[in-house]
Every structure is written in C-alpha cells, then in structure tokens.
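Q:
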Amino acid sequence: MYRILGRFNDAHTHLESVIERMRDAGNHMLLTVAINDLVQVYSAIGQTARAHQTLATHVHPLPDKARGNQRMAQAYLLAAEGKPAADAFRTLLADIPNDGLMDYYLLRFTPALCAQVTPSEAETLARNGIVKAEALQQHINLWPLKVALIEALNRSARAHEAAPIALELLERFATEPSVCWYPAEMWRRTYECLNASGQRVPAREALSRGVRWIHDVGLANLPAMWHEGFKLRQLTNVALLAAAAREGVA
121 MYRILGRFND AHTHLESVIE RMRDAGNHML LTVAINDLVQ VYSAIGQTAR AHQTLATHVH
181 PLPDKARGNQ RMAQAYLLAA EGKPAADAFR TLLADIPNDG LMDYYLLRFT PALCAQVTPS
241 EAETLARNGI VKAEALQQHI NLWPLKVALI EALNRSARAH EAAPIALELL ERFATEPSVC
301 WYPAEMWRRT YECLNASGQR VPAREALSRG VRWIHDVGLA NLPAMWHEGF KLRQLTNVAL
361 LAAAAREGVA
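So my numbering is basically just the index in the sequence shown, starting at one, shifted up by 120.
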C-alpha cells in the first residue's frame, strides 16, 4: 500500500527491514514475498537495475508456494523495462486456481496483462474483470480494470466510447489518491483518452494531475539520487512529462 500511495521511501525502508529480519529468522517464504515487493517498488520508480539486483538476492531453492510471487515480480519488471510481458502475465494468471478463492489475485493481475495484448483481447479481459469486480465489490481492483478498458478502447481508436469512463475517474479521484498499481498510470490513460476524443479541458486537467503526482508525491517521496531515473526511465512518467511539455502544462 505504501507503493500504491506513492510513499516510496516508506515502502523501501519497511521492506529492507522485513528482508533483514526474515533472512535472520530463516523464514524463506516471507523473505521471498518481501524481496519481490521490493522489486516492484524499484520497478515502479524506474530503478530496474536495482530490481534485477534485488531478484538475485533470493534464497534458493525457493519454497514452492513462493514461485508464483517471484513470477509476479519478474513479470512487472519486464513491463517496467518496456519488454514484452504477455507470456509472463499469462503464466502468472494460469497458475492461480480459478476456484473462487483467489479471485482477488486474478483480478489484480488482469490489468497488467491487458496492457500487453491486442486491444480486442484487452477489452474482453477488462470488461469481464469489471463485471466480476463489481459483483465481488472489489473496488481496489475495479478501478485499475476500468483504466485497462480505457486504454484498450483508446488503442482501438474508440476513445469516444471510453471518454465517459475517463470522466468518471476524473471525478471519482478528484480529491482521493488512485488505487492503480502505479498511480500516475491512471492519469496518463485518462489524459490520452480524453485528448484523443477531443475533450481538451478535462484532458489537460488529467495531465495536470499526473504531473502534480509525479512532483508532489513521487519525487517528494524519493531520495534525490533516484530523481533522474524516476523522471527519465519510469515509462509512464516519461510519457506524462513529454505530454506536459507539448501542452505547456506545469
């Protein structure tokens, strides 16, 4: 949750502490979970080299129940590097039992797969996920799935169909933090959709919120030595800041 809220310093400090304690205690399962969570933090802030270094600190052999957790971290790292990650996310999802007990995790990872597949498949995955998330009242997964649907429709040149969802997100998260895997991703997709549909005023508002999040939350919660990577290697940030430069949005 620290990562989702953009509290990267808190996430880093907490996980480093947990890793040290679990290694000392010989608890390989929780050690694996903490290492993989730290990999996700590094992936989110553009520190992919550190993410790879952190993956290399795993204790082997991994506990069987920890292998899926490791695959999750590896899949997110591939995506953060801009590499094809569809197969990695498909494997991750295929390993989760579809027995109704693990629906939270099936829904949690679906948006990441959506970004890696064709617009048509992404739309189907997102729509099915939204129906399930609404039925289960899993709002923490519902909104990322709506972002995935916006992105899929926009890639299909159907931004006008996605615009009502983008406007809903703009209103819903006017004062509250978003709950996406990486918060600025919601503002990026909302901006791109509204801009493509010709709704310039709300598009600029979404872009402005994304840029403010990068500066007021992301950079404010990172040590100065990581600022350059956060702005120049975090792919969502690169896209938002480039759009802001074009649009003259501070």
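No residue lacks a Cβ here, since even glycine has one placed at the ideal position from N, Cα and C.
Determine whether the beta carbon atoms of residue 312 and residue 272 lie at a separation below 8 Å.
A: Here the question's residue 312 lines up with position 192 in the sequence shown. Here the question's residue 272 lines up with position 152 in the sequence shown. The answer is no: Cβ separation not under 8 Å.
Q: From residue 292 to residue 303, what does the alpha carbon distance come to, in whole angstroms?
A: Position 172 of the sequence shown, counting from 1, holds the residue named residue 292. Position 183 of the sequence shown, counting from 1, holds the residue named residue 303. Cα atoms of residue 292 and residue 303: separation of roughly 14 Å, rounded to the nearest angstrom.
Q: How far does the alpha helix (DSSP H) with residue 270 in it reach, from first residue to last?
A: Residue mapping note: residue 270 aligns to position 150 of the sequence shown, counting from 1. Note, residue 270: alpha helix (DSSP H), 259 to 275.
Q: Where are the alpha helix (DSSP H) runs, 4 residues long or more, that stay fully inside the stretch 319 to 343, in chain order?
A: 320 to 332
Q: I'd like the list of long-range same chain contacts for residue 153, defined as Cβ closer than 8 Å, with 5 residues on each side in sequence excluded.
A: Against the sequence shown, residue 153 aligns to sequence position 33. Excluding five sequence positions before and after residue 153, the CB atoms of its chain that fall closer than 8 Å to its own CB belong to 186, 189, given in chain order.
Q: How big is the Cα-Cα spacing for residue 121 and residue 228?
A: Here residue 121 refers to the residue found at position 1 of the sequence shown. Here residue 228 refers to the residue found at position 108 of the sequence shown. Distance between the alpha carbons of residue 121 and residue 228: 13 Å.
Q: Leaving out five residues before and five after residue 266 in sequence, what residues of the same chain have Cβ atoms less than 8 Å from its Cβ?
A: By 1-based counting over the sequence shown, the position of residue 266 is 146. Non-local beta-carbon contacts of residue 266 in its own chain, meaning distances under 8 Å to residues more than five positions away in sequence, involve 246, 250, 285, 288, 289 in chain order.
Q: In whole angstroms, what separates the C-alpha of residue 257 from that of residue 222?
A: Residue numbering aside, residue 257 sits at position 137 when the sequence shown is read from its first letter. Residue numbering aside, residue 222 sits at position 102 when the sequence shown is read from its first letter. Approximately 14 Å, taken between the alpha carbons.
Q: Quick one: grab the DSSP three-state call for residue 138.
A: Taking the sequence shown and counting its residues from 1, the one referred to as residue 138 is at position 18. In the structure shown, residue 138 sits in a helix (DSSP, three-state: H, G or I).
Q: May I ask you to check if the CB of residue 312 is nearer than 7 Å to at least one heavy atom of the ligand COA?
A: Here there are no bound small molecules, and the ligand COA is not part of this structure.
Q: Going by Cα to Cα distance, which pick from 157, 145, 148 is closest to residue 131?
A: Here residue 131 corresponds to residue number 11 of the sequence shown, with the count starting at 1. With distances taken between Cα atoms, residue 131 lies closest to 157.
Q: Which same chain residues end up closer than 6 Å to residue 359 when comparing Cβ atoms and leaving out the 5 residues on each side of it in sequence?
A: For the purposes of this step, residue 359 is identified with residue 239 of the sequence shown, where counting begins at 1. Hits under 6 Å: 308.
Q: Find the nearest neighbour of residue 200 within the set 206, 231, 191, 164, judged by alpha-carbon distance.
A: Counted from its first residue, the sequence shown places residue 200 at position 80. Considering only alpha carbons, the answer is 164.
Q: Rounded to whole angstroms, what is the Cα-Cα separation between residue 192 and residue 368?
A: Along the sequence shown, one-based indexing puts residue 192 at 72. Along the sequence shown, one-based indexing puts residue 368 at 248. Rounded to whole angstroms, residue 192 to residue 368 spans 37 Å at the Cα level.
Q: Tell me where the alpha helix (DSSP H) around residue 345 begins and ends.
A: Position 225 of the sequence shown, counted from the start, is the residue given in the question as residue 345. DSSP places residue 345 in no alpha helix (DSSP H); its state is neither H nor E.
Q: For residue 230, report the span of its alpha helix (DSSP H) as first-last.
A: Within the sequence shown, numbered from 1, the residue matching residue 230 stands at position 110. It spans 223 to 234 - the alpha helix (DSSP H) in which residue 230 sits, taken as one unbroken run.
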